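Participant: FYI, the numbering for the sequence shown is -8 to 279, going by this note's numbering.
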Amino acid sequence: MTPEDWICEDWTRDELLAALEWQLSFGADEATGETAVDSYILTQELAEKASRAKAARQQPVAQKSLSAKPIQAKPTQAKRALQSLQKTLMEANNLAAEANNLADVATALQGFDGCALKKTAISTVLNEGSDTADLMIIMGAPRADEDREGKPVAGLNRILLNNMLKSIGLTLEQVYLTSCVFWRPPGDKKPTTNDLAYCKPFVDKQITLVKPKVLMLMGETTLRGFTDPDASLLRQRGKWSDYTAPDGTTTKMISTFAPHMLLNTPRQKALAWLDLRSINKELSVVNA
């Protein structure tokens, strides 16, 4: 029998104090019960209860978060770039469509700032030659000489092109020249597909206004601007195809080497001569 067995519910206060003093006399220093308790397990249980209580308190917040309106994701960089491209192309198309003559095209280009190349170039290289020419030559992006002089072809390139035209009975004054890109890329780098796309409506408008019988594309950059971004000049040069202008007019088109390419690789002059002969033959046919 333990001392607790002696304690009855009807004991008086003095009797309870006496029982407590008796236990203290045996060295008892804390209150205990009859059943042993593992304090480690008790601590774990208390921790689990506290964790469940905390989760219960946070539950309404979680439910509120789930029911809240989803946050709209910001447009990605690619999407913003596409939107900017579409906006700039629309502006270029609208400006070109409003041009009624070549002077209007020049004015429209002066007011068009959508192509970043314009910020670094010296000149806007648009056109020269006869606006009633049978042959329209579309040059590549302006290089240093063209940028300084503001002409589609300049320096040694101009001398070589003039000699090429003389070989088929023409001069620079008898043809119409323009560029596929109107501003020189820094360091004479290749223009981007966006640069070509921004300038294309103004090139198309010139074709519509001049109404040439033959289009001569000079260089791979120009070829890619008019056909496929991955087109190869070596594979496509000398081949005829039809170009359809925005107004529906169809014109014969051929590509060949640009003058600066021939200056750097003289062995290609033989192929360029074949292309010139083919152009001369086509001009004879359309003028017959």
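Note that CB positions come from ideal geometry on N, CA and C, so glycine has one too.
Because the structure is a prediction, the values reported are computed rather than measured.
#1: So, under 8 Å CB-CB, D266 and V205 are touching, yes? Tell me the CB distance rounded to an integer number of Å.
#2: Whose C-alpha, out of E140, I129, L253, T67, is nearest the C-alpha of I113?
#3: Count the other C-beta atoms from every protein chain shown that fall within 10 angstroms of the C-beta of K110, then say buried if there are 16 or more, exposed otherwise.
#4: How many Å lie between K78 and P192 at the Cα?
#5: Any chance you could list the alpha helix (DSSP H) runs of at least 4 consecutive residues sitting entirely within the region 136 to 217, in chain order?
#6: Under 8 Å by Cβ, that's how I've got Q259 and V96 pegged, so tell me the actual separation to the nearest angstrom.
#7: Ordered along the chain, which non-local residues of its own chain (more than five positions away) have a Cβ less than 8 Å from that of A222?
#8: Could you check if E89 is buried or exposed, using at least 16 other CB atoms within 10 Å of its CB as the buried criterion?
#9: If we count the other Cβ atoms within 10 Å of its Cβ and call it buried at 16 or more, is L253 buried or exposed?
#10: DSSP puts D233 in a beta bridge; with which residues?
#11: In whole angstroms, what separates the C-alpha of N255 from that of T67?
#12: With DSSP collapsed to three states, give me the class of N278.
#13: If you count every other CB in all the chains shown that lies within 10 Å of the CB of R43, and 16 or more means buried, which is it?
#14: Look at the Cβ atom of M209, then the Cβ atom of A249, and state whether they are nearer than 9 Å.
#15: Per the DSSP calculation, I129 is bridged to which residue(s)?
#16: Would M207 and C171 be called neighbours here (beta carbons separated by less than 9 Å)?
#17: To which residues of the same chain is D238 closer than 8 Å at the C-beta, ignoring the five residues directly before and after it?
#18: Roughly how many angstroms separate the alpha carbons of W264 and L76, rounded to a whole number?
#19: Run through DSSP, which three-state label would N118 get?
#20: Measure the CB-CB distance between N118 and Y167 and report whether it falls below 9 Å.
#21: Roughly how many angstroms lie between the CA atoms of H251 and L93, to the nearest whole one?
#22: If you compare alpha carbons, which of T98, C106, N91, A69 is closest to M81?
Facilitator: The relevant details are as follows:
#1: Actually they are not in contact, since the Cβ atoms of D266 and V205 sit about 12 Å apart, beyond 8 Å.
#2: E140
#3: exposed
#4: 14 Å
#5: 146 to 157, 184 to 201, 211 to 217
#6: That pair is no contact at about 32 Å.
#7: E211, L214, R215
#8: exposed
#9: buried
#10: K243
#11: 43 Å
#12: coil
#13: exposed
#14: yes
#15: T169, L208
#16: no
#17: T199
#18: 39 Å
#19: strand
#20: yes
#21: 27 Å
#22: C106
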